[in-house]
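Student: Below is the structure I would like to discuss, written out as C-alpha cells.
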Amino acid sequence: MIARRVAACAAVALMVVSGTACSYHGLNSLPLPGAEGRGSGAATYTVEIANVATLESNSPVLINDVVVGSVRDMRAENWHAAVTVSVDPTVTVPGNAVARVGQTSLLGSMHLSLDPPLGEAPQGRLPAGSTLPLDRSSTYPSTERTLSSLSTVLNGGGLGQLSDIVAESSAALKDHAGQLRDVLGRFNSLLTLLADQRQDVVDTLTELNRLSGTLAGGNDVIDKALQTIPSAIDVLVRERPRVTAALERLGAFSDTARSVINTTQADLVQNLQNLAPVIKAVADVGPKLTDVLPYLTTFPLTQGVIDRGLKGDYMNLFVILDLTVPRLKRTLLLGTRFGQPRMPLTPAPGDPYYLNYTWDPLNTGIAPPVGLGQTAVPNPPPGAPGGPPPPPPVPPNPPLAGG
1 MIARRVAACA
11 AVALMVVSGT
21 ACSYHGLNSL
31 PLPGAEGRGS
41 GAATYTVEIA
51 NVATLESNSP
61 VLINDVVVGS
71 VRDMRAENWH
81 AAVTVSVDPT
91 VTVPGNAVAR
101 VGQTSLLGSM
111 HLSLDPPLGE
121 APQGRLPAGS
131 TLPLDRSSTY
141 PSTERTLSSL
151 STVLNGGGLG
161 QLSDIVAESS
171 AALKDHAGQL
181 RDVLGRFNSL
191 LTLLADQRQD
201 VVDTLTELNR
211 LSGTLAGGND
221 VIDKALQTIP
231 SAIDVLVRER
241 PRVTAALERL
251 GAFSDTARSV
261 INTTQADLVQ
271 NLQNLAPVIK
281 AVADVGPKLT
291 DVLPYLTTFP
301 LTQGVIDRGL
311 KGDYMNLFVI
321 LDLTVPRLKR
331 TLLLGTRFGQ
341 PRMPLTPAPG
351 DPYYLNYTWD
361 PLNTGIAPPV
371 GLGQTAVPNP
381 PPGAPGGPPP
391 PPPVPPNPPL
401 AGG
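Numbering (our numbering), first residue to last: 1 to 403.
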C-alpha cells in the first residue's frame with residue numbers, strides 16, 4: 001500500500017516537472033502564495049531598467065514604503081531589462097511615478113518602488129498595462145558598491161594626504177592672516193559691486209547675445225571678408241615703400257604748414273580783426289538783404305513788373321553800358337583817388353543825411369493827401385526853404401600819387 005502511494009507521488013512529481021521543464025528558472029520563478037498583487041484583477045506594468053542589480057522575481061513593489069505588489073518576471077530586451085510587476089487593483093499608481101530599484105536590508109533583499117520624483121506631489125493615475133521607459137527608472141547603489149567606494153577613498157583616494165594639505169596651508173597663512181583678511185574684504189567688496197551691477201551685467205550679456213546673433217546672420221559676409229583681407233594685406237605689403245614715402249611727405253607737409261601758421265599767425269589774427277567791421281556791417285544790413293535777394297533773379301525788373309507788365313513767356317531787353325572813363329570817375333570810382341575831383345559824394349548808410357539821398361521808396365516821405373479842389377505840391381529838395389537840410393560839404397579828393 002505504501003509502495004503504491006510513493007509510486008503515485010513520484011509519477012505526479014514527474015508530470016509536474018515535465019510540464020514545467022521549458023520555463024522553470026528556479027523556485028523564484030514560481031509565484032509565492034500570499035504575495036501582494038497576485039490576485040485576480042491585479043494591474044500589471046512593465047518597467048525598463050538599465051541595471052536591476054540583484055532584483056529577483058517575487059521581490060516586493062513599494063509605493064510610499066508600503067508593499068502594494070510584487071515582481072512577476074524579468075527578461076532582457078535591447079541591452080536592458082524589462083521587468084513586469086503586478087499591483088493590487090485597489091492601489092492607485094501615480095501618473096508621474098518613476099521606478100527605483102533599491103535595497104530593502106543590508107542582507108541583500110531588493111525591492112522596486114513606484115513613487116513620484118522627489119519634491120513632487122502625486123499626479124493622476126498610471127493606466128494598467130503602461131510601460132515606464134528607461135528615462136523614468138534608476139537603481140540605487142548597492143551596499144557592496146558603497147563600501148567599495150568608501151574603501152577607495154580611505155585607502156587610495158588621498159585621504160591620508162589631507163592632513164599634510166591642511167598643515168601646509170596653515171603654515172603658509174600663519175604670518176599672512178592680516179593680508180588674507182584684506183583680500184577677503186576686497187573680494188567681498190568686488191562681489192557686492194557685481195551684485196549691484198547685476199542688471200548691467202545681464203544687459204551686457206543680452207547685447208552680446210544679440211551681437212552674436214547678428215554676426216551669425218552675417219557668416220557669409222564675414223567669411224568673404226576673411227578671404228579678401230589676405231589679398232588686401234598683400235597689396236599693402238607690396239605698396240609699403242610708397243605708403244611709407246607718402247607718410248614721410250605728409251609729415252614734411254605738416255612741418256611746413258605748422259611753420260607757415262606760426263610765422264603768419266600775427267598777420268592772420270590782424271586780418272581777422274580787420275575783417276570784423278566788415279562782417280559787422282554785413283550783419284547790420286542783413287534785414288535789407290532779405291528784401292534784395294528776390295530782385296537778383298529778376299534784375300533789372302521786379303517780380304511785380306514781370307507779373308503785370310509782361311504778357312508772354314519772354315521779352316527783349318536792351319541795355320546800354322557806359323564804361324567810359326568820365327562816367328566811371330563820376331560813379332564807380334567816385335570817392336577814390338581815381339574819381340572825379342570835387343564832386344559831392346552820396347553819404348554811406350549810417351552817415352548823416354543818408355536818407356536825403358536814398359531812392360528807397362519805403363524811406364521816402366509821403367506828402368499829405370490833397371483835399372478837394374487843391375493842387376498837389378511836391379516836397380522841396382534838400383536845402384530849399386521847407387525842405388531837408390543840405391548835405392555837408394565833401395572834402396576834396398587827395399591828389400594821385402606822383403600827380
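The C-beta atom is built at its ideal place from N, Cα and C for all residues, glycine as well. In this text the structure is predicted, and so the values were computed from the model without any measurement.
Does DSSP put L132 in a helix, a strand or coil?
Tutor: strand
Student: DSSP on C22, reduced to helix/strand/coil?
Tutor: With a pLDDT of 48 at C22, under the threshold of 50, the predicted position of this residue should be treated as unreliable, though the coordinate-derived value follows. Coil.
Student: Taking all protein chains shown into account, decide if L112 is buried (16 or more other Cβ within 10 angstroms of its Cβ) or exposed.
Tutor: buried
Student: Could you name the residues of the same chain whose beta carbon sits closer than 6 Å to that of G41, not counting the 5 residues immediately before and after it, in chain order?
Tutor: P89
Student: Smallest Cα separation from I49: which of K311, G304 and T139?
Tutor: Each of K311, G304 and T139 was checked against the Cα of I49, and the nearest Cα belongs to T139.
Student: What number of angstroms, rounded off, separates the C-alpha of V269 from the C-alpha of V278?
Tutor: 15 Å
Student: To the nearest angstrom, report how far apart D307 and T290 are at their CA atoms.
Tutor: Going by C-alpha positions, D307 is about 20 Å away from T290.
Student: Return the CA-CA distance between G286 and F299, expressed in angstroms with no decimal places.
Tutor: Here the C-alpha atom of G286 lies approximately 20 Å from the C-alpha atom of F299.
Student: Determine contact between the stretch 75-95 and the stretch 162-172, defined as no fewer than three beta-carbon pairs at a distance below 8 Å.
Tutor: no
Student: If you follow the alpha helix (DSSP H) that A276 is part of, which residue opens it and which one closes it?
Tutor: Q265 to D284
Student: Among N316, L317 and T331, which has the Cα closest to the Cα of L323?
Tutor: Comparing Cα-Cα distances from L323 to each of N316, L317 and T331, the minimum goes to T331.
Student: Identify every residue that forms a DSSP beta bridge with S212.
Tutor: Partner(s): none; S212 has no beta bridge.
Student: On the DSSP bridge assignment, give the partners of M110 in chain order.
Tutor: Q103
Student: Out of A43, N58, Y45 and A53, which has the shortest C-alpha to C-alpha gap to A35?
Tutor: Cα-wise, what sits closest to A35 is N58.
Student: How about the stretch 90-97 and the stretch 115-135: do they share at least three Cβ pairs that are nearer than 8 Å?
Tutor: yes
Student: Give the DSSP-derived three-state secondary structure of A81 in the structure shown.
Tutor: strand
Student: Quick check on L332 - is its C-beta less than 8 Å from some C-beta in chain D?
Tutor: Judged by its chain identifiers, the structure shown contains no chain D, having just a single protein chain.
Student: Report the CB separation of L173 from L180 in whole angstroms; it is logged as a contact under 8 Å.
Tutor: 6 Å
Student: Classify V12: buried if its beta carbon has 16 or more other beta carbons within 10 angstroms, exposed otherwise.
Tutor: Low per-residue confidence applies at V12: pLDDT is 48, beneath 50, and the placement is therefore not dependable, though the value from the model is reported in the following sentence. V12 sits exposed, since fewer than 16 C-beta atoms from the chains shown fall within 10 Å of its C-beta.
Student: Could you give the residue range of the alpha helix (DSSP H) that holds T54?
Tutor: DSSP places T54 in no alpha helix (DSSP H); its state is neither H nor E.
Student: What residues in its chain sit with their C-beta under 7 Å from that of A53, if we drop five residues either side in the sequence?
Tutor: V101, M110, T139 and S142
Student: Buried or exposed, going by whether 16 or more other CB atoms sit within 10 Å of the CB of V71?
Tutor: buried
Student: If you check the beta carbons only, do R136 and A76 fall under 8 Å apart?
Tutor: no
Student: Between the alpha carbons of V17 and M74, how many angstroms are there, rounded?
Tutor: Low per-residue confidence applies at V17: pLDDT is 47, beneath 50, and the placement is therefore not dependable enough to give any value.
Student: I'd like to confirm the pairing. Which residues does DSSP put opposite S137 in its beta bridges?
Tutor: For S137, DSSP records a beta bridge to A99.
Student: Return helix, strand or coil for T90, following the three-state DSSP convention.
Tutor: coil
Student: Please confirm whether Y45 and L134 have their CB atoms less than 8 Å apart.
Tutor: no
Student: Give me, in chain order, the residues of the same chain whose beta-carbon lies closer than 7 Å to that of M343; leave out the 5 immediate sequence neighbours on both sides.
Tutor: R330 and L334
Student: What are the boundary residues of the beta strand (DSSP E) that includes I306?
Tutor: Per DSSP, I306 belongs to no beta strand (DSSP E); it is in the alpha helix (DSSP H), Q303 to G309.
Student: For A21, count the other beta carbons within 10 Å of its own beta carbon; 16 or more makes it buried, fewer makes it exposed. Which is it?
Tutor: Residue placement at A21 is flagged as unreliable, the pLDDT there being 45, under the threshold of 50; the coordinate-derived value follows with that caveat. So A21 counts as exposed.
Student: Indicate the three-state DSSP secondary structure (helix, strand or coil) for R72 in the structure shown.
Tutor: strand
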